[in-house]
Amino acid sequence: MDGKQLQSQYKDHLSDFQNWDQRAHAQEYILYPKNMGYHLCIDETALSKGDLYTILINRDKRGRKGSIIAVIQGTKTDDIIAVLTKMPQELRNQVKEITLDMAGSMQKIAKTCFPRAMQVIDRFHVQKLVYEAVQELRITYRWQVIKEENKAMKAAKEKGEVYKAEELENGDTLRQLLARSRYLLFKSPDKWTKSQKIRAELLFKQFEDIKHVYYYSLELGKIFSTNYDKDVARAKLALWYNKIEEYGYDTFTTVANSIE
């Protein structure tokens, strides 16, 4: 028996798929109200062929059997609310806490479907925004360097000369330095390899702005990863926010405002 035939036999006869009570709407959503808990997490993820799905899980199950409460095709707020409100109100009212990202749509879903739950912003989404701000600055400088290189190449060509970009101590040109520094900016200095450490030193020497925002991102990560008292953590976040405001990098300020 070939694989496709075996798969078909299992699906149509052995798995009881034909009698599955969610079969009619499984492509749009599946619901498991019995898996409801007190602490939930809602997020979006790409499952098949890059299509986005909204997933609601019971955090107390820690990824084990019974973790999934809902899987819903798409991320449209009204569609998600329509599906989640199919579960009994009294069941949804039992939810004490729901973890979500910073999107306003997610907050609306949580407030509408779980009105008694405290909303907690997932710190990993916050840190992701900060890391993206660091990368945005690196990319901005990279395009500036590319533009300058193109001008220099054109000028050299007009003079009948061959343009050769200046190489730094490690053999990188500025353009290469900015391109090859992507991954080291996602890591803490103690995780850098020897070559990454050299590249970071050169990068920060050439572009002090990148150095500043990189260390600001590390500082925020340290606040999140250290078990502070709630009031101490709030004070440290406020100090971090003040530093960002004073520094004046627009993208970082936007991120800080989102956190606030």
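Going by our numbering, the sequence shown wraps up at 260, each residue one higher than the last.
Built from N, CA and C at the ideal position, the CB exists for glycine as well.
Around Gly221, the same chain offers Gln127 as residues with beta carbons nearer than 7 Å, after the five sequence neighbours per side are excluded. Contact annotation: Ala256 and Glu245 have beta-carbon atoms nearer than 8 Å. Annotation: Lys157 to Asn150 spans about 10 Å, alpha carbon to alpha carbon.
A Cβ-Cβ separation of about 6 Å places Ile42 in contact with Met106 under the 8 Å criterion. Inter-residue distance for Asp60 and Gly37 is about 7 Å (C-alpha atoms, whole angstroms). DSSP assignment within the stretch 65-116 yields the following whole alpha helix (DSSP H) runs of 4 residues or more, N-terminal first: 77-84, 89-92, 104-113. Counting only the Cα atoms, Val71 lies some 16 Å from Trp20. Exclusion of the five residues before and after Thr251 leaves Ala133, Glu136, Leu137 as the residues of its chain whose Cβ lies within less than 8 Å of its Cβ. Judged by DSSP secondary structure, Thr54 falls within the beta strand (DSSP E) whose first and last residues are 52-58. Here DSSP, grouped into helix, strand and coil, assigns Leu129 to helix.
Shown here for Ile223: same chain residues with a beta carbon closer than 8 Å to its own, the five before and five after excluded, namely Ala233, Lys236, Leu237, Trp240 in chain order.
Taking each of Thr253, Asp101, Lys211, Asp229 in turn and checking the Cα distance to Arg123, the smallest one comes out for Asp101. Only residues of its own chain outside the window of five on either side were considered, and among them Ala165, Glu166, Glu167 have a CB closer than 7 Å to the CB of Thr173, listed in chain order. If you draw a straight line from the Cα of Tyr141 to the Cα of Ile210, it comes to about 9 Å.
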